[in-house]
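A short write-up of the structure that comes next.
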Amino acid sequence: MKIKNTDVVAEYLHEVDLRLTGLPVLQRRELLADLAAHIATERTERNIQTEGELIEVLEKLGAPEVVANAAYEEAGTRPPRPVPKQRRNWLPAAIAAGAVALVLVVCGFFAFFAMATGHDGPPRPVHVVPGPR
Amino acid sequence: MADAAPLSTSLRRGTLEFCVLALVEREDRYGTELVRRLGDEPNLAASEGTIYPLLSRLRRVGWLDSKWSESPSGPPRRYYGLTPAGRAALEHFRSEWVSFRQTVDRLVGTGEVA
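From first to last, the protein sequence lines are chains W and L.
To convert a position in the first sequence, counted from 1, into our numbering, add 2.
To convert a position in the second sequence, counted from 1, into our numbering, add 280.
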């Protein structure tokens, strides 16, 4: 039973560790040491015997992603992989779409003015030309 | 009710760290003790594991110091204490907080004389 309890803790700490790859190594080690000490203290001071009680301790600590996100937030950095990667794929496409839209709008304006001046343009020479004659 | 969680998260951000500093103002406390103490407050309730990264940052900015020490019964404990810089930061927060709170009370209409 005791070995199994340790497995639950080791698995939890491993899951947290997996999500901390973007943090400086010492901050990563520090957090894992703090969490391990917390769990060990709770086990002793609350006299935890069963795996169910131990899981409650881990649940109160929070899901590994919640703890890891807090670590990134406090460190002033962002988590390395999952979310930013998708955003990076979206960003160039969004910029390209925006550029195309801008070009179309600008072309539209030029076309509009070209047509507008096109109508105004010809009559002027017509008026100017007869003058000298 | 759906808006309660984001609001309390926003309010907690920027104030929780001073609650931590205040908890170690008079005596050093160990991590689990701080986590339990904060967990007892319904308005501050967050996943306990998120307190440790906060403690780490407060130590890195020089507001807390920490030392590991053996406990009479059980695993080693990491005790946190207030540094002079942390004490100054807490005092500064106290005066800022009072005027900030008064302004919000006045504008939002939550003051006693509102």
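The C-beta atom is built at its ideal place from N, Cα and C for all residues, glycine as well.
Computed from a predicted model, the values in this text were never measured in an experiment.
Secondary structure of residue i, DSSP reduced to three states
i	result
residue 327/L	coil
residue 343/L	coil
residue 357/L	strand
residue 317/L	helix
residue 21/W	coil
residue 309/L	strand
residue 351/L	coil
residue 29/W	helix
residue 59/W	helix
residue 295/L	coil
residue 383/L	helix
Proximity of residue i and residue j at Cβ, strictly below 8 Å
i	j	result
residue 72/W	residue 25/W	no
residue 76/W	residue 334/L	yes
residue 78/W	residue 329/L	no
residue 297/L	residue 324/L	no
residue 33/W	residue 336/L	yes
residue 287/L	residue 299/L	no
residue 308/L	residue 360/L	yes
Sheet register partners of residue i (DSSP bridge)
i	result
residue 362/L	344/L
Check: residue i C-beta below 7 Å from any heavy atom of the ligand SAH
i	result
residue 376/L	Of ligands this structure carries none, so the ligand SAH is not represented either.
Where the segment 46–69 of chain W meets chain L: residues whose CB sits under 8 Å from a CB there
So the close ones are 46, 47, 62, 63, 64, 65, 68, 69.
Is the segment 30–49 of chain W in contact with the segment 301–315 of chain L, if contact means three or more CB pairs nearer than 8 Å?
Contact holds: three or more Cβ-Cβ distances are below 8 Å.
Please list the residues of the segment 24–48 of chain W that have a C-beta atom closer than 7 Å to any C-beta atom in chain L, keeping them in chain order.
Residues of the segment 24–48 of chain W with a Cβ closer than 7 Å to any Cβ of chain L, in chain order: 29, 32, 33, 36, 37, 39, 40, 42, 43, 44, 46, 47.
Can we say the segment 349–360 of chain L touches the segment 45–52 of chain W, given the rule of at least three CB pairs closer than 8 Å?
Between the segment 349–360 of chain L and the segment 45–52 of chain W there are three or more inter-stretch CB-CB distances shorter than 8 Å, so the stretches are counted as touching.
Three Cβ pairs or more, each shorter than 8 Å: is that satisfied between the segment 357–372 of chain L and the segment 380–388 of chain L?
The count of Cβ pairs closer than 8 Å, one atom from the segment 357–372 of chain L and one from the segment 380–388 of chain L, stays below three, leaving the stretches out of contact.
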